[in-house]
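> Under the UniProt record's numbering, the first residue of the sequence shown is numbered 1, with each subsequent residue one higher. Virtual Cβ for every residue (Gly too), placed ideally from N, Cα, C. Everything numeric in this text was worked out from a predicted model, so none of it was measured.
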Amino acid sequence: MADLGFTVRRSARRTVELVVERDGRLTVAVPTDAESADIVRIVEAKLDWVYQKLARKNLLLNGPPPPKEYVPGEGFWHLGRSYRLRIISPPTNGVKQPPLLLRRGWFELTAPAAKNAEQHFRDWYLLHAHSWIGERIKTLAPRMGVEPTAFEVRSVLGHRWGSCTPDGRLLFHWRIILLPARYAEYVIVHELAHLKEPNHGPNFWRVIELIVPDWRARKEWLAANGSRYYL
1 MADLGFTVRR
11 SARRTVELVV
21 ERDGRLTVAV
31 PTDAESADIV
41 RIVEAKLDWV
51 YQKLARKNLL
61 LNGPPPPKEY
71 VPGEGFWHLG
81 RSYRLRIISP
91 PTNGVKQPPL
101 LLRRGWFELT
111 APAAKNAEQH
121 FRDWYLLHAH
131 SWIGERIKTL
141 APRMGVEPTA
151 FEVRSVLGHR
161 WGSCTPDGRL
171 LFHWRIILLP
181 ARYAEYVIVH
191 ELAHLKEPNH
201 GPNFWRVIEL
211 IVPDWRARKE
221 WLAANGSRYY
231 L
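Here it is, written out as structure tokens:
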């Protein structure tokens, strides 16, 4: 299901339970008389949870990524490409320059701003994520026949890339701007689809497939690789 293999175990239990084993195998424990269609429906509704578990397990198996160092030569992601950092002197001609710029293939951080480098990077990513996501929503929402009431880019959103609230607001983590554009766009389509289908049932995935036919591959890629894109 969704390019994932599940082992079904039947027993005298009364409920359905999904288990992600330590080695990444997936098991569905079900009552003896559970109908196949019901099992499929329940698993489809839990696919997001499964992918999140697999992503965390991948992080645990491979170890946490090394922390970023705000020193010359360190690489920082933007839309899937890594740009090196260089520390520059502020202009001496009176021209006011932002503390952080992406220019000519480099992230340029002024020397006085280096002591607060992490915050400057977060501010830069928040600003550019808001602009980039907004442009994608303007393009994608009409194609999907939906219109969010608003969207926000946040610094805290748990382990999620995005979320859709009951009142039609879309929430995104700023880290979406670190991802390659095709995977960041999948996250946006995913949340827009919730404006039509609040649950992860078959109709939800059909809405996505009209815009992103290869959504399964993109979702698997995010589960396997999303943890690489961090600050």
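Can you look up G158 in the DSSP assignment and give me helix, strand or coil?
DSSP places G158 in coil when its eight states are reduced to three.
> What separation, rounded to the nearest whole angstrom, lies between the Cα atoms of G75 and P180?
When rounded, the distance between both Cα atoms is 15 Å.
> If F107 sits next to I133, beta carbons under 8 Å apart, how far is it from one beta carbon to the other, in whole angstroms?
Their Cβ separation, rounded to whole angstroms, is 20 Å, which puts F107 and I133 out of contact at 8 Å.
> Can you name the start and end residues of the beta strand (DSSP E) that G75 belongs to?
Here the beta strand (DSSP E) through G75 covers 75-78.
> Closest to Y83 by C-alpha separation, out of L26, Y70, N93, G94, would be which residue?
For the residues L26, Y70, N93, G94, the minimum Cα distance to Y83 belongs to Y70.
> P72 by DSSP, collapsed to three states: which one?
P72 falls in the coil class under three-state DSSP.
> In terms of residues, what are the limits of the alpha helix (DSSP H) holding R216?
Per DSSP, R216 belongs to the alpha helix (DSSP H) from 215-225.
> Would you tell me roughly how many angstroms separate the C-alpha atoms of R143 and P166, rounded to the nearest one?
Approximately 21 Å, taken between the alpha carbons.
> Classify A150 as helix, strand or coil using the three-state DSSP reduction.
Looking at A150 - three-state DSSP - the assignment turns out to be strand.
> Cα separation between I88 and A111?
Their backbone Cα atoms lie some 6 Å apart in a straight line.
> Bridge partners of P31, per DSSP?
S11.
> Whether or not the stretch 136-153 and the stretch 175-194 are in contact is what I'm after, with contact meaning three or more pairs of Cβ atoms, one per stretch, closer than 8 Å; do they touch?
Enough Cβ pairs lie closer than 8 Å, so yes.
> Rounded to a whole number of angstroms, what is the C-alpha to C-alpha distance between I208 and S163?
Computed Cα separation, rounded: 15 Å.
> Quick check on the DSSP output: the beta strand (DSSP E) that includes T92 runs from which residue to which?
Where T92 is concerned, there is no enclosing beta strand (DSSP E), given that its DSSP letter is neither H nor E.
> So, using beta-carbon positions, are K46 and V20 closer together than 8 Å?
Taking 8 Å as the Cβ cut-off, K46 and V20 do not qualify as a contacting pair.
> Since L170 contacts F151 with CB under 8 Å, what's their CB separation in whole angstroms?
L170 to F151, Cβ: 4 Å. Contact.
> Alpha carbons only, please: which of W161, W49, R9 is nearest the one belonging to T32?
Residue R9 is the option with its Cα nearest to T32.
> Express the C-alpha separation of A12 and R218 in angstroms, rounding to a whole number.
If I take the Cα positions, the gap works out to 37 Å.
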